[in-house]
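Enquirer: Here it is, the structure in full.
Numbering (my numbering), first residue to last: 5 to 75.
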């Protein structure tokens, strides 16, 4: 990676939409949905152990499906 690529990458991160910049990057940062992603729950343990091949999230908009999938 050269200086120009580095600067381009930094600019893309800074110019990303607010929702993308504020999206959690770790499972512990996800707010809500504790009934399925609490530390003692099956989904949390499966994600941490990297044992999920695939999973389907279903629900109305704004419930964190995409965020959880990207984490």
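Backbone N, C-alpha and C define an ideal beta-carbon position, used for all residues, glycine too.
1. If I follow the unbroken alpha helix (DSSP H) through residue 18, where does it start and stop?
2. Quick test of your reading: residue 21 and residue 71, contact by CB under 8 Å. State the CB separation rounded to the nearest angstrom.
3. Measuring alpha carbon to alpha carbon, tell me which of 73, 65, 46 and 49 ends up nearest residue 59.
4. Tell me the DSSP secondary structure of residue 52 in three-state form.
Expert: So, to answer that:
1. 7-18
2. Contact flag wrong, Cβ pair sits at about 14 Å.
3. 73
4. helix
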